[in-house]
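S.K.: Note that the protein sequences, when read in sequence, are chains D and F.
For the first sequence, the working numbering assigns the number 3 to the initial residue and increments by one for each residue that follows.
For the second sequence, the working numbering assigns the number 3 to the initial residue and increments by one for each residue that follows.
In this text, a Cβ means the ideal position worked out from N, Cα and C, and glycines have one as well.
Here you go, one structure.
There are 2 protein chains.
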Amino acid sequence: MTQIACKSCPLRRKKLFRAFEDDELAFMERFKTGELSVDPGTHLLIEGANSPQIYTVLEGMGLRYKTLENGRRQVINFLLPGDLTGLQAGLLGEMKHSVQATSAMRLCVFNRADLWTLYRRQPSLAYDVTWIAASEEHFLGETLATVGQRDAAQRVAWALLKIYRRLSELGIGQGPRVPLPYRQQDLADALGLSLVHTNKTLGRLRARGLAEWTDGQLHISDAEGMAELAMADIEEPSIRPLL
Amino acid sequence: MTQIACKSCPLRRKKLFRAFEDDELAFMERFKTGELSVDPGTHLLIEGANSPQIYTVLEGMGLRYKTLENGRRQVINFLLPGDLTGLQAGLLGEMKHSVQATSAMRLCVFNRADLWTLYRRQPSLAYDVTWIAASEEHFLGETLATVGQRDAAQRVAWALLKIYRRLSELGIGQGPRVPLPYRQQDLADALGLSLVHTNKTLGRLRARGLAEWTDGQLHISDAEGMAELAMADIEEPSIRPLL
DNA sequence: CGTCGTGTTGAGCCGTATCAAATTCCGTGG
DNA sequence: CCACGGAATTTGATACGGCTCAACACGACG
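The structure is reproduced here in C-alpha cells:
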C-alpha cells in the first residue's frame, strides 16, 4: 500500500487548511503510523471501547452516533474529509459514541500513545488539537439549538445547508451540487425527527424549489432561501488546522 | 478584595480534581489575573463578542445559551463551580454563545493572551485544557441525544439527575438535596420543551415520588427510579483537571 | 424471480405547543 | 401595615406538528 507523505497530502494543499511549518510537518510525518481503507458500513470506533487509534479522514464520509437503551439512535455529526476523530478515546479514556463509515473511506492513522509527545514537543500542534475540540463543541452547540428550537423544515434546511457548505469549502462537488451518500434515516436520526416526517419535509423543500436530494446527490437550488428558512447565520469559512 | 491563592483554593482541595505539581501551581498563580464577583443576571460573555478573558467558576451558578433569530433561546449548559468558560473566544476568536450569572458568582479570571504561553511552557496544563474541551463536547453529545431522542419525562429526569450528580460530586448540598437556583424556563429552554409542559412534567415526577424541585432546592427522592426513567448510564465521577 | 433495503405516500392518533387565567411570592411605595 | 405590580409557578382548554402504522414502488442483488 502506497502511503501518502503528509507534505504531499492532497487535503493539505487546499487553502482551507493552515500551512504547517517544516518542523510541524516533520513531526506529523512521524506521528502518522499508517493509512486505513475501509468499506461502507465498517465501524471504525465503538462506543465504550478504548481505541488506541486516532484518525483523520482523507477520503469518503461517515457518521458519529450514539445508541440509547431504548434502541433509538442519535447521529452526532457527519464525518467528512479533514475531520479528526477518536480524540475522546485518546483523552477521556474511552469513546462516548461510535463511528461508522457510510461510503468507502481512507483514513490517516495516528497512535494515541504519541499524543502526549505531541503536547510536549509541538505546542502549536497541541493548540491545534484544542482548537479542533473547541470547534467541535461549537458545532454541537449549534446542532443542539437546531434540534431544540427549530421546527422540522428549519432543521432539515439547516442540516442540508450546513453539510453543503462544509463540502463546498473542501472543494467537493461542483457549484450547487455535492455528493451526499447518506440515507434519509441518517438525517432523521441527526435531527430528532422520524424517517417519515423527514421524507415529507424533504419533499416540501423540493416542491418549494429550495433543495433536492436524490441518488446520493444534494442540489441546493436556492441557497439564500435555504439560509433564510434555516435561520442560519453567515459564517465565512475560517482557516483551520489539519492533523 | 482579598484574592485566593491557587494553592489554597478551596475548590482545588476537593478530591474530585487532580492534584497539581508545584510548577503547575506556580504557573497558574501567574496565569490568574484576578477575581470577579458578579450579581445575579450579569452577562459575563456575549455571543459574537471577542472577550479577552477566560473564567473558572469559584462559587455560584450560571448558564450558557444561544439566542436564535426567531427569539427562541437554547440553554447549552448549566455553569457550576469548577467549570471553565470563555475558551471559545480564546481559541476561535469569538464567543459562540452567551454566559449569564444566575446566582451571585465569584470567578477566577485569566488572560486569554497568556493561553499561548501556557501551551508553550506547560504541556500538562495544555493537555488539561484539551481534556476539558473534549469533556464538554462529550456532554453536548449526550445532551443532543437527550433532546433528540427522549420524551419530555425522560428529558427532565435526565437533566435533573445530571445536575444533581454534578453538584453532589462537588460536595454541594447534602444527601438527596442540592440547591438549584434556576427558573423552570431555564430548564425548558435547555431541553427544547415549552415552559408549560416542563411545569406539568415536573409535577408528574413529584407525584410519582421521583424528584421535587421547589424554592430553588432540588430533592431527588428516588435516584434509581430517576436513572431508570432517564435511561442514564452509570458514570462514576472521574478525576478531572481544574484551571 | 423473490427478497431486501430504501424511498414515498396516506390515515389517524398522541405528545407537546399555545393560549388564557388564576395563584403565590416578593419587593416597593404609599 | 397594607396596596400594588411584576415575576414565577400552576392549571385548564384547545390546536397542531410530528409520530406511528400500513401499504406500495423501485432498484439491487442473489
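Under 8 Å by Cβ, that's how I've got D/L163 and D/A234 pegged, so tell me the actual separation to the nearest angstrom.
M.R.: 6 Å
S.K.: If you compare alpha carbons, which of F/I165, F/Q219, F/P243, F/W215 is closest to F/A229?
M.R.: F/I165
S.K.: For the segment 174–182 of chain F and the segment 46–56 of chain F, state whether three or more C-beta atom pairs, one from each stretch, are separated by less than 8 Å.
M.R.: Cβ pair count under 8 Å is below three, so no.
S.K.: Scan the segment 43–120 of chain F and note each continuous alpha helix (DSSP H) run of 4 residues or more that stays entirely inside, going in chain order.
M.R.: Runs found: 89–94.
S.K.: Please name the residue in F/N72, F/D191, F/R168 whose C-alpha comes closest to that of F/L182.
M.R.: Of the candidates F/N72, F/D191, F/R168, the one whose C-alpha sits nearest the C-alpha of F/L182 is F/R168.
S.K.: Using a Cβ-Cβ cut-off of 7 Å (strictly less than) and excluding sequence neighbours within five positions of D/A161, which residues of its own chain qualify?
M.R.: L189, A192, L193
S.K.: Does the segment 94–113 of chain D come close enough to the segment 42–51 of chain D to have 3 or more Cβ pairs within less than 8 Å?
M.R.: These segments touch.
S.K.: Can you pull the chain D residues whose beta carbon is under 9 Å from the beta carbon of F/W215, in chain order?
M.R.: Within chain D, no residue comes near F/W215; the closest Cβ sits about 20 Å away, beyond 9 Å.
S.K.: Taking just the CA atoms, how far does F/L142 sit from D/E139?
M.R.: About 7 Å.
S.K.: Nearest chain F C-beta to D/V101 closer than 9 Å, yes or no?
M.R.: no
S.K.: What do you get for D/I222, buried or exposed, if any count of 16 or more other CB atoms within 10 angstroms of its CB means buried?
M.R.: Burial of D/I222 is indicated by the presence of at least 16 other C-beta atoms within 10 angstroms of its C-beta.
S.K.: By the DSSP assignment, the beta strand (DSSP E) with D/P181 in it spans what residues?
M.R.: Per DSSP, the unbroken beta strand (DSSP E) holding D/P181 starts and ends at 179–181.
S.K.: Of all Cβ atoms in chain F, is any one closer than 9 Å to the Cβ of D/D191?
M.R.: yes
S.K.: Around the Cβ of D/T216, are there at least 16 other Cβ atoms within 10 angstroms (buried) or fewer (exposed)?
M.R.: By the 10 Å Cβ count, D/T216 comes out exposed.
S.K.: With a cut-off of 9 Å, does the C-beta of F/G84 fall near any C-beta of chain D?
M.R.: no
S.K.: Below 8 Å on C-beta distance, what does D/R122 contact in chain F?
M.R.: P125
S.K.: Select from F/A106, F/E214, F/Y129 the residue whose C-alpha is nearest the C-alpha of F/L247.
M.R.: It is not possible to answer for residue 247 of chain F, since the shown part of chain F is limited to 3 through 245.
S.K.: Could you tell me which of D/Y184, D/L93, D/R206, D/L245 sits nearest to D/G218, measuring between CA atoms?
M.R.: It is D/Y184 whose Cα lies nearest to the Cα of D/G218.
S.K.: With F/A213 as the anchor, note down where its beta strand (DSSP E) starts and where it stops.
M.R.: 213–216
S.K.: I'd like to know whether the C-beta of F/N52 is nearer than 9 Å to at least one C-beta of chain D.
M.R.: no
S.K.: Which residue or residues does DSSP assign as beta-bridge partners of D/L162?
M.R.: None, per the DSSP bridge assignment.
S.K.: Give, in chain order, every unbroken run of the beta strand (DSSP E) that is at least 3 residues long and sits entirely within the segment 10–35 of chain F.
M.R.: For the segment 10–35 of chain F, there is no continuous beta strand (DSSP E) assignment of 3+ residues that stays within its boundaries.
S.K.: Can you name, in chain order, every residue of its own chain whose Cβ lies under 8 Å from the Cβ of F/M30, other than the five neighbours on each side?
M.R.: C8, F22, L127, L245
S.K.: How is D/I236 classed by DSSP in three states: helix, strand or coil?
M.R.: coil
S.K.: Find the residues of chain D that neighbour F/T35, judging by a C-beta separation of less than 8 Å, and give them in chain order.
M.R.: Neighbours of F/T35 on chain D: none; closest Cβ ~20 Å, over 8 Å.
S.K.: Within the same chain, show all residues whose beta-carbon is closer than 8 Å to that of D/D41, passing over the 5 residues directly before and after it, in chain order.
M.R.: A103, A106
S.K.: Could you spell out the range, first to last residue, of the alpha helix (DSSP H) harbouring D/I134?
M.R.: D/I134 -> alpha helix (DSSP H) spans 125–151.
S.K.: Find the residues of chain D that neighbour F/L93, judging by a C-beta separation of less than 7 Å, and give them in chain order.
M.R.: T132, W133, A136
S.K.: Under 7 Å Cβ-Cβ, which residues of chain F neighbour D/A247?
M.R.: Look at the range of chain D in this structure, 3 to 245, and you will see that residue 247 of chain D is not part of it.
S.K.: At what residues does the beta strand (DSSP E) containing F/Q219 begin and finish?
M.R.: 219–222
S.K.: Using a C-beta to C-beta distance shorter than 9 Å, which residues of chain F count as neighbours of D/L38?
M.R.: Under the 9 Å cutoff, chain F gives no residues; its nearest Cβ is about 22 Å from D/L38.
S.K.: Can you tell me which residues form a DSSP beta bridge with D/R242?
M.R.: DSSP lists D/F19 as partners of D/R242.
S.K.: Given a cut-off of 9 Å, decide if F/A147 and D/I236 are closer than it, judged by their beta-carbon atoms.
M.R.: Not closer than 9 Å, so no.
S.K.: Does the beta carbon of D/S240 come closer than 9 Å to any beta carbon on chain F?
M.R.: yes
S.K.: Got a sec? Which residues, its chain only, sit under 8 Å from D/A115 by beta carbon, not counting five neighbours each side?
M.R.: P54
S.K.: Taking 8 Å as the limit between beta carbons, can you name the residues of its chain near D/V149, skipping five residues before and five after?
M.R.: R157, L193, G194
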